[in-house]
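See below for the structure under consideration.
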Amino acid sequence: MSPEIMTLPQSKSRLPNTPVANTSDPSTRAFIEAARAQPAPMRAALAAGGLTSLLAWASFTPLNISPLGWVCLVPFILLARIERPTRLMYLATYLTGLAFWLPTLQWMRLGHVTMYTAWLALAVYMAAYFPVCLGLTRVAVHRFRIPLAIAFPVVWVGLELVRGHLLTGFGWYFLGHTQYRWLELIQISDVVGAYGVSFVMAMMSACVALIIPPRWLAKLQLLPPNDASPTPQTMLTIRARGILLCLSVFVAVVGYGYWRRSAADFDQHPAPKIAAVQTNATSEVKHNPKQVETIYNSLRKLTGSAVLEKPDLIVWPETMFRWPLFEVASNVSPADLEKNIPRQDLEFLRGLEVKQNLHKLSQMADAAMVIGLETVAVDQHGMHTYNSAAFVSPDRGLAGRYDKLHRVPFGEYLPFQESMPWLKNFSPYPPDFGITAGAKPQSFEHDGIRYAPVICFEDTVPHVVRDVLLASEETGVTGKPVDVLLNLTNDGWFHGSSELDQHLITAAFRCVENRTPMVRSVNTGISAIIDGDGAIRSRAVNRETGREKQVEAVLVDHVPLDSRRSLYLAGGDWFAGSCAFCCGFLGLAGLLSRWIPKRAGARHNEG
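If you want it as structure tokens, here you go:
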């Protein structure tokens with residue numbers, strides 16, 4: 009018999025022998041309370057989380073339906089709003105998180121057959137952030153009575169920062185990245201980073217979740233039977249406060265964006281003309297020794313077409329100059345050199361004469377060049393291989409080199425290889441392969457303008473780009489440490505997938521955060537020029553096909569310099585860091601709330 013029937017008032021028309029429930033009976037009340045305490049079914053959480061996963065996937069590339077980013081989290085937030093969790097709610101949200109990350113990261117498998125394992129492992133790890141976010145938000149809302157419109161965005165942004173640092177960091181697919189085309193909205197990034205855009209969107213989503221009537225939650229089976237919902241007057245007060253808070257923040261952020269964009273004066277300094285060369289070599293072609301000459305001839309041909317427009321600087325993609333630069337420290341003796349490198353390899357490296365060839369390239373182009381290559385360097389500690397960007401000028405030759413700081417796990421080094429050597433089976437490279445991390449950032453000066461290179465995925469990591477910009481002791485024509493960022497990338501692993509688009513989108517936020525334009529030279533695309541507002545000014549397009557990806561192309565354009573200052577560059581991740589600190593506090597409080605009652609119960613039983 010259901011609780012609803014048991015609590016009906018007596019009717020004069022009831023059958024004479026029908027018993028009437030005695031609600032004053034303790035056993036009857038206990039039965040009713042037990043029925044009310046039953047959680048909502050797991051399928052409700054699966055439906056809510058599944059809808060969030062579907063909408064979130066559609067808001068990012070390849071569909072790139074940006075408006076969905078504002079509502080995709082609403083079903084998920086409803087699980088934080090309800091007082092009692094559904095059955096197996098955290099398992100359901102983990103599974104639906106996995107349903108988002110598996111198709112979102114599917115481009116990882118394209119690089120090599122061994123990368124299927126890395127794809128699955130990263131998706132399994134990233135999916136854990138969904139139940140963690142839900143649990144921390146519920147602690148904030150139901151234990152500390154923090155308003156949902158504040159608690160949820162704080163937790164969401166705090167966890168974005170954590171996953172941007174933990175295990176070398178994965179700064180992709182932040183919620184705010186969906187809005188890269190709304191330039192006025194994303195200008196807040198120069199104060200609090202891209203995390204600020206995610207905060208505003210998460211807050212608006214929480215506001216929408218708050219105004220959904222309780223009866224809708226009941227129809228969605230998110231509420232258990234006979235759930236006691238707040239009175240209409242209470243809900244009206246909650247809605248009014250939430251809407252006022254969210255709209256105030258939203259209007260302030262967009263208003264700030266219009267003001268900051270109006271203050272931009274891109275014509276204050278002469279804009280350098282820079283050429284970004286885009287090759288089209290998949291990873292199989294690039295690492296085929298028989299294709300070295302073919303790739304080099306392609307680069308020379310593309311550079312020749314760029315030279316016709318007389319650029320000040322020419323940029324080649326990451327490691328597309330296929331001969332290594334050989335460097336020997338001054339304190340290394342000939343005997344130590346031969347000890348570290350076999351005689352045959354040593355003769356080969358010396359015979360390449362890479363420095364002379366790079367100098368000749370720059371002289372023929374009559375322009376400075378930044379060229380992506382590998383460096384083989386020998387010092388007293390042994391031989392090291394670096395992923396480098398070499399700066400060459402017509403008058404000075406090789407005038408500088410930057411070695412990549414932020415390496416990609418399994419792509420450039422094997423994590424935990426001493427304790428878990430079996431991990432080498434999940435790398436596309438041979439067991440003895442390894443890239444050494446660079447010692448420090450570098451910047452190059454040409455015609456008074458300072459350029460700072462970042463290589464590969466470094467442009468997706470906010471704190472790495474900030475550190476690169478702050479490392480320069482000199483200043484450029486804009487009065488800042490660096491005038492232009494140069495991103496040298498090889499995206500040939502991913503065969504024209506949505507990774508190329510998302511990489512470009514993520515890089516755009518680095519330009520807003522630091523008010524510094526960026527030139528991207530990318531193997532297989534997408535090569536582009538991005539200004540200090542995060543606007544993608546121009547992209548490399550193949551003249552014959554009109555395509556941007558998996559084509560050879562050259563982009564030559566003026567890069568607008570930006571004199572505006574950035575609070576984010578000065579202060580870093582103080583905002584997102586504060587949110588992460590709150591997450592740590594909530595996590596500790598949640599653990600203690602489970603541990604203390606058990607300890608108290610144990611002491612009571614002992615007494």
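Numbering (our numbering), first residue to last: 9 to 615.
Yeah, the Cβ is synthetic: ideal placement off N, Cα and C, and Gly gets one too.
A quick note: this is a predicted structure, and the numbers were derived from the prediction, not measured.
Straight-line measurement puts the Cα of GLY484 at about 15 Å from the Cα of PHE274. Counting of Cβ neighbours within 10 angstroms places ALA107 among the buried residues, the total reaching 16 or more. Under the three-pair Cβ rule at 8 Å, the region 535-543 does not count as touching the region 209-228.
Note that the C-beta distance between THR145 and SER67 is not below 8 Å. Closest in alpha carbon position to LEU357, among ARG330, ARG308 and ILE379, is ARG330.
In the displayed model, ASN495 falls within a strand according to three-state DSSP. Distance check between LEU496 and each of VAL564, VAL527 and CYS587 places VAL527 closest, using alpha-carbon atoms only.
A buried status is given to ARG547, since no fewer than 16 other beta-carbon atoms sit within 10 Å of its beta-carbon. In the three-state reduction of the DSSP assignment, ILE73 falls in the coil class. Remark: fewer than three beta-carbon pairs, one from each stretch, lie closer than 8 Å, so the region 499-514 and the region 446-453 are not flagged as touching. Judged by DSSP secondary structure, GLU292 falls within the alpha helix (DSSP H) whose first and last residues are 291-294.
Using a 10 angstroms sphere on the CB of ALA337, the tally of other CB atoms stays under 16, which defines it as exposed.
When beta bridges are read from the DSSP output, SER546 appears opposite ILE537. In this model, LEU316 and VAL384 are separated by some 33 Å (Cα to Cα). Listed in chain order, the non-local C-beta contacts of ARG189 below 7 Å within the same chain comprise SER74, local neighbours out to five positions each way being set aside. Along the region 83-153, the alpha helix (DSSP H) occurs as fully enclosed runs of 4 or more residues at 97-112, 123-135 and 137-146, listed in sequence order. Under DSSP, ARG458 takes part in a beta bridge, and its partners are GLU453. Each of GLN229, GLU552 and VAL386 was checked against the Cα of THR444, and the nearest Cα belongs to VAL386. The DSSP-derived three-state label of ALA376 is strand.
With contacts defined by Cβ atoms closer than 8 Å, ALA272 and ASP455 do not form a contacting pair.
Of the candidates ASP509, GLY442 and ARG404, the residue whose Cα lies closest to the Cα of ARG415 is GLY442.
In the structure shown, THR327 adopts coil according to DSSP, grouped into three states. At the C-beta level, ILE322 and ALA283 come within 8 Å of one another. Secondary structure note for ALA561: its beta strand (DSSP E) is the uninterrupted segment 561-566. A Cβ-Cβ contact shorter than 8 Å links PHE138 with TYR102. Under DSSP, MET211 forms no beta bridge with any residue.
Residue environment: GLN286 is assigned as buried (16 or more neighbouring CB atoms within 10 Å of its CB, all protein chains considered). According to DSSP, LEU169 shares a beta bridge with no other residue. ALA226 sits in a helix when the DSSP states are folded into three classes. Assigned with DSSP and collapsed to three states, THR468 falls in helix. Counting only the Cα atoms, ASN531 lies some 13 Å from GLU292. Cβ atoms of VAL82 and ALA217 come within 8 Å of each other, at about 5 Å.
Relative to SER197, the option among PRO461, TYR264 and ARG551 whose CA is nearest is TYR264. VAL564 is not a Cβ neighbour of ASN550, given a cutoff of 8 Å. DSSP places THR383 in the strand class (E or B) of the three-state scheme. Using a 10 angstroms sphere on the CB of TRP582, the tally of other CB atoms stays under 16, which defines it as exposed.
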